[in-house]
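Asker: Those protein sequences? They're chains E, Y, W and U, same order as listed. Just so you know, the first sequence maps onto residues 664 to 1231 in the working numbering. Just so you know, the second sequence maps onto residues 46 to 177 in the working numbering. Just so you know, the third sequence maps onto residues 7 to 272 in the working numbering. Just so you know, the fourth sequence maps onto residues -7 to 430 in the working numbering. We put the CB at the ideal spot given by N, CA and C, even for glycine.
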Amino acid sequence: MSEYIIKNGHVFDPVQGIKGDKADIAIKDGKIVDKVGSGAKVIDARGKTVMAGAVEIHAHIAGPKVNMGRIYRPEDKLFTCTPTKGMERMGGGNSIPTTFKTGYEYAKMGYTTAMEAAMPPLFSRHVHEEIRDTPIIDEAAFPVFGNNWFVMEYLKNKEVENTAAYIAWLIRVTKGYAVKVVNPGGTEAWAWGLNCLSVNDPVPYFDITPAEIVKGLIEANEFLGLPHSLHIHPNNLGNPGCYETTLDTLKLAEGFKAKNKFGREQVMHLTHSQFHSYGGTNWGDFESKAKEVTDYVNKNKNITIDTGNVTLDETTTMTADGPFEHHLTGLNNLKWANIDVELETGSGVVPYIYSPSISVCAIQWAIGLEIALMMKDPMRCYITTDHPNAGPFTRYPRVIKWLMSTKAREAQINAFKHKDKVLSQTSIGSLDREISLYELAQMTRAGPAKSLGLTSMCGGLKPGMDADVAVYNFNPDQPVANPDDIEKAFSRCSHVFKSGVQVVTNGEIVSNGHKRTLWVNAKVKENPQVMRDINEKFLKYYSMTQANYEALGHHFVPNPYTIEVDAT
Amino acid sequence: MATINVNLISGRSIQQGVAIEGGKEKPAYRTAAGIIELDPSDLKKLGTWKNTNVRVTSDHGSVIVKAIETTQGPHPGLGFIPMGPWANSIINPNTYSTGMPTFKGVPVRVEVAINEPVLLGIELVQKQCGVK
Amino acid sequence: METVTITMKNPPALYLEADNVSPDVFAGKTAAQIAELHVHEGNVTSTLGKYFEISGNAGATASDTKIIVKGDMKRVKYLGFKMSAGEIAVESSTDQYAGAWMKGGKMLVKGNVDAFAGTAMKGGELTIEGNAGNYLGAAYRGDWRGMSGGKILVKGNAGSDLGMYMTGGEMIINGNVDVHVCTHAEGGKVIIKGNAKTKIGGQMVGGDIFVFGTIDVMMPGFKPAGEQELEVDGVKAKFSHYIGDTGERHKKRKGQVIYGNLYKKI
Amino acid sequence: MTKTIPDVICPFCGTLCDDLEVVVSDDGKQLLEVYNACVIGTEKFLHSQSKDRVTRPRMHQPDGTWKEVSYDEAAEYTAQMLAKAKKPLMYGWSSTNCEAQSVGNEIAEITRACCDNTAAVCHGTTLIAVQDIGLPSCTLGEIKNRADRIIFWGCNPAHAHPRHMSRYSIFPRGFFTSKGQMSRKMIVVDPRVTDTAKMADVHLQIEQGKDYELLNALRVAFKGEWLPDVVAGIPKEKIREAADMMKSGRFGIIFFGMGVTQSLGKNHNIDEAIAVTKDLNEYTKFSIMPMRGHYNVTGSGEVFAWQFGFPYSVDLTRGFARYNPGDTSSIDLLIRGEVDAMFTIGSDPGAHFPISAVKQFAHIPSVCIDPHLTPTSGVSKLHVPVAFNGVETGGNCYRMDNVPIDCRKVVEPPEGMLTDEQFLIKVRDRVRQLKGAA
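Put into structure tokens, the structure is as follows:
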């Protein structure tokens, strides 16, 4: 591994508290070190911004519903594919890029780690095959638990230890990373065409409420001490007035303290909070409740959130929340795909056009930005677009532009057809806060890494951490003449290093790096009862034998990075 | 000799499945897929015993197969040849620009051809393609 | 109007993708520059000059550029691809994607065209004196926004899947049509002077179809709604009117449920 | 002594049964018996032991004889053929594992070829319909545990997917369907009285080629609108009765097969069937699922989709993927004569393509990679036998409901035979040298 030294760059590193002053970053053997020999290759970063490799905490980039989106949207790739060029394989797809393009686009924007937001355990081999074909970036996947028959039966009888044993088994078998909950109880109700719209609606037959599921899973998660907290997509997403269900869900986390050896402080991560901060009773009086949600989260320190910004594009919504997608296809009458998974979860895919001339989409755009601007502690609020639900991740530079420049926001507001409605239904007009580069580093590097329990590895430039470094052509000293320069600077890095290997030079891919699949191996005490339940359910109710369910050979995860957790 | 017009469909049969896995160069493949299943009423109209060789002709080609009494009928006016080189010698290749040829719903004429042999699978395709 | 004439010099072994042959690309170029334009045969990229004899310079803008295409064009695809103005006259038959994604201008094909002619057309005029292939004026696969404007005239017959997902524009077919006319259509007008086969107007939500000849089998989703005296394309006659597709989920315009209309000349 | 390998996957049809038991000799060289498989699966496993198997590549001589060549010479011929061709067609991919498909995709991208899988003659039109209207579907376990209305439309699982009804759709006792067959109503729509139709509660013997009309009539019946007296040979009372039976279920499923994908109307038949399912979701819970034929045609569609963006009929001649069945699909490419080299793997176009398409690729340079002797290998210039995928080599494959299952190697291939993945890697490395790619 060759040595590098990045000289005279403006470094922004919340882990060491460096706020933009000139410093040198030394890289040796894939790690950041204090100093390197004179033979090190020099990267001149004068007048450039240097940050750690960004961490994507929530994106749908690999798995069965993502691939169903690719299969059923050929028009998403019409006339927009990029040809094979040197090291780069062919790439296609605006809202749902192919796996090679996903890896390249993330690397070119300085992202080095990404989390696949929802993995149905039955399809874990499919997710890992797509992760294996996504070059450069490290990846991990969150198996979904909120509608799992085992979890619902154990939590109905308050057996937290059995739930923890089952979670440990499933995460090991599917090589997952964290406990993901999507519309708890609602997707199981959707298997009969029903739904759970509040935290107290009981699930048909299982007779357990979403509140009990969420609380039980928080306890089980802290019992195991997993690196990441519960990652929740609450009930009633996307309906006017859904902020009340969101607040009820957040209140479930009161009284719990994070118990883990990874430096994580939260017990619950509310994902794509924009979709969960809607007020009003119908699409006519639809309004923003970002203030109520962010006030609550600001007060309660054991919660982190990510924004889910709408980027005003034609995109494809896909989520494990089956009933919401059926509701959405009822609204825009576009093609609807749905995959219900036995004993575990479901999912739905519907294209959606966030048109600037529709008032609802403009208000959604404003809500996403309000949340980011109203959160006091950037270490607990991360930038995402819930790719591709609110917009493709390739639009991050545009979201960064809107957050860093009020001028850019006003230009967009003036371009709306229903400008007055946007200003009356939200408070985006009165917010003049501009995110600084340091806060940006917190919201896209140090924050997500801390929430995911990866502080020892990524999200910072402290010696000893992995050498994931991104250098942007953006001079913090010069005032920004035109906000579009921000977007231009953050869409293509001048240099990107992944685990000490230079992968991007001047916005072009120069190496495929050596990507890893992160997964958590939680050791728990022998639990014969859970093993017996698992054998019995596979014999009677699964359509696949247990041996084939557990068969995750080496060729699926060629370069695993195991995080050990001991909960015995 | 009498000739009849039927609507031809092709598709899988379990014997055809076993034969393709058993080796397409073997006579079992011809026994399983080199046949046309006709309704007894159609056989009567054709004026022949069952299990005799017939020539089936469509606008796209013709082939010799053995006519047998249908195992999954009655379906008067409908002929069934299991999927394979025999069926594909006469089905309509027009895809209507969807990429899928019209394997089912091909009007054909069936006439008796007692003395003509039903060729083996690979032999039939090689002969039609002019490859030895 | 400047005229550029391209004549087939040596026909391709396989098929030629000549998507640069359109007034928009030719505009402002001399004959020499036009000869340098790219053309694709399979995975080999070469220049127009290798296959065509090119004479005459193009006009300054697309609207005053006229292209005359001579020679055997049966193995040439994408003529008039995405043109927005100007004219193209093809002396003989051509292959797929004639005038595909057309936004304006006039295109005349004296012979036949193959499938996907006038795909997702937004405007302009496409006149085909011979027969048209399948998917005439249809949307691209998976797209719910089909032909939205412009006019297509086919003097011969047309293939199947005419005007799929049509939302606007007009089509006149003097000859017969195959199965599936205006499937999933939401608007636009199709006049068929010849006969239609089966599966006509399936899943229609709006738009009008006029059939002068016979329809083999009517779709069950089309309810008879009396007879009307209409004047269509200069022909005054009595039409029996069907509304449908009653099985489809219909949109409301000002509270009134709108249906597709199928008129069959009596 | 012998040892029994449990939980083996059957590499034949889309049902992908994974509860087989295979008895092999101790040294793993000989396969003796197969349990729990249907008659087709058993034949596939046992045929791998037949003595008259071809074990070395061979070139077809003009006089009809075959000259044996080494795998390296075969890889050289294949690489030269693909590198020189202006528009090579790489067809098949459905009876090989996903790892071999990934290597094949790399070759296709370097040589700028067209690639397609057997969906072109199987469920291609289903994929077109899914692209127009989506696919409300579920996994087979959901059907086993919940379904009480089973509709087989234009498919004959008794013949094509023999164990489907006993493993998933009709007979199993699921969580909510503990009375098994008794708790389910079965409807079959087929122009013939097939063996599946003989078991059905209701058999609609439809006129062949009129599926689109009958499906449209069902949708009209759901809304209670006017119907003509007879539609597709079925009186309107029977249509309304079938419509009410579907609406009255708690969880319904429509399985459809070649009857709707290959007859007139093609993709619109499935488009309307999915629209029927979507309408039924207003009244109760309904799903729809294609009965995929080959055991890994779904896998080939998935690998094409995540690497190129399209499920089949992918044209890479411009260096990036283009897709439009009718223009880029195998049958049209062959019949129009757009292809100048043919590469077949894991399928048998010689037997299952219309003869006018087979005639086209019989006279151009062609390679057939297949362990069996088939009409394709009969007309190809080079026949490369490889190990049986799913018997002599493992690898990932996808069931008809897109669930991935890792199939397993149970017995050693004959001495010196390569697997398809090993052979493709040889071809890819040689093609890289020829095209000078990095």
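1) Quick one: is aspartate 10/U near chain E, going by C-beta distance under 9 Å?
2) How would you list, in chain order, the residues of chain U whose beta-carbon sits under 7 Å from the beta-carbon of methionine 225/W?
3) Cβ of methionine 731/E less than 9 Å from any chain U Cβ?
4) Measuring CA to CA, which of Asp44/U, Phe296/U, Tyr287/U is closest to alanine 313/U?
5) Taking its Cβ as the centre, do 16 or more other Cβ atoms sit within 10 Å of leucine 1181/E, making it buried, or is it exposed?
6) For lysine 157/W, collect the residues of the same chain with a Cβ closer than 6 Å to its Cβ; drop the 5 residues on either side in sequence, then sort them by chain order.
7) 9 Å is my cut-off, CB to CB: does aspartate 167/W come that close to chain Y?
8) Give me the chain E residues within the contact set of aspartate 149/W, using Cβ-Cβ distance strictly less than 7 Å, ordered along the chain.
9) I'd like to know whether the C-beta atoms of alanine 265/U and phenylalanine 248/U end up nearer to each other than 9 Å.
10) For chain U, is any of its Cβ atoms less than 9 Å away from the one on lysine 15/W?
11) Is the shortest distance between the beta-carbon of lysine 277/U and the beta-carbons of chain E less than 9 Å?
12) Between asparagine 288/U and tyrosine 390/U, how many whole angstroms is the CB-CB distance? I'm expecting something under 8 Å.
13) Strictly by DSSP, which residues pair up with aspartate 1196/E?
14) Between histidine 247/W and chain U, is any beta-carbon pair separated by less than 9 Å?
15) Do we get a CB-CB distance below 9 Å when we pair alanine 24/W with the residues of chain U?
16) Three-state secondary structure (DSSP) at serine 99/W?
17) Helix, strand or coil: which one does DSSP assign to asparagine 208/U?
18) Name the chain Y residues whose beta carbon is nearer than 9 Å to that of lysine 351/U?
19) Compile a chain-ordered list of the residues in the stretch 33 to 62 of chain W whose CB is closer than 9 Å to at least one CB of chain U.
20) Using a Cβ-Cβ distance cut-off of 9 Å, determine whether tryptophan 298/U contacts chain E.
21) Cutting at 6 Å between CB atoms, please list the residues of its own chain near leucine 1086/E, excluding the five before and the five after it.
22) Once DSSP output is grouped into helix, strand and coil, what is the label at threonine 102/Y?
23) Starting from the C-beta of lysine 90/Y, find all residues in its chain whose C-beta is less than 8 Å away, skip the five residues before and the five after it, and write them out in chain order.
24) Considering only the alpha carbon of each residue, which of Val170/Y, Pro146/Y, Ala64/Y, Gln171/Y lies closest to isoleucine 54/Y?
25) Identify the contact partners of leucine 123/Y in chain U, using a Cβ-Cβ distance below 7 Å as the criterion.
26) Could you check what DSSP says for histidine 791/E in three-state terms: helix, strand or coil?
27) Taking just the CA atoms, how far does isoleucine 134/W sit from alanine 144/W?
28) Would you list, in sequence order, the uninterrupted beta strand (DSSP E) runs of no fewer than 3 residues that lie entirely inside the stretch 191 to 259 of chain U?
29) Return yes when the C-beta of methionine 172/W is under 8 Å from any heavy atom of the ligand ZN, and no when it is not.
30) Report yes or no: is there a C-beta of chain W within less than 9 Å of the C-beta of valine 170/Y?
31) Report the option in Ser1162/E, Val678/E, Pro746/E, Ile669/E whose CA atom is closest to the CA atom of lysine 1113/E.
32) Please give me, in chain order, every unbroken run of the beta strand (DSSP E) with length at least 3 that falls completely inside the stretch 59 to 123 of chain U.
33) Can you tell me which residues form a DSSP beta bridge with cysteine 50/U?
34) With distances taken from CA atoms, which of Lys878/E, Glu882/E, Pro847/E is nearest proline 867/E?
35) Hey, would you say arginine 422/U sits closer than 9 Å to threonine 70/U, going by beta carbons?
36) Less than 9 Å between the C-beta atoms of lysine 116/W and serine 98/W, yes or no?
Answerer: Taking the structure as given:
1) yes
2) Glu205, Asn208
3) yes
4) Phe296/U
5) buried
6) Glu131, Glu176
7) yes
8) Glu738
9) yes
10) no
11) yes
12) 6 Å
13) The partner list for aspartate 1196/E (beta bridge, DSSP) is empty, contrary to what the question assumes.
14) no
15) no
16) coil
17) helix
18) Gln173, Cys174, Gly175
19) His46, Glu47, Gly48, Asn49, Val50, Thr51
20) yes
21) Gly1092
22) strand
23) Ala47, Ile49
24) Pro146/Y
25) Pro183, Arg184, Gln200
26) helix
27) 16 Å
28) 194 to 196, 243 to 248
29) With respect to the ligand ZN, the structure offers nothing, as it holds no ligand at all.
30) no
31) Val678/E
32) 80 to 84, 106 to 109
33) Cysteine is not the amino acid found at residue 50/U; the sequence shown has arginine there. In DSSP, arginine 50/U forms a bridge with Glu60/U, His375/U.
34) Pro847/E
35) yes
36) yes
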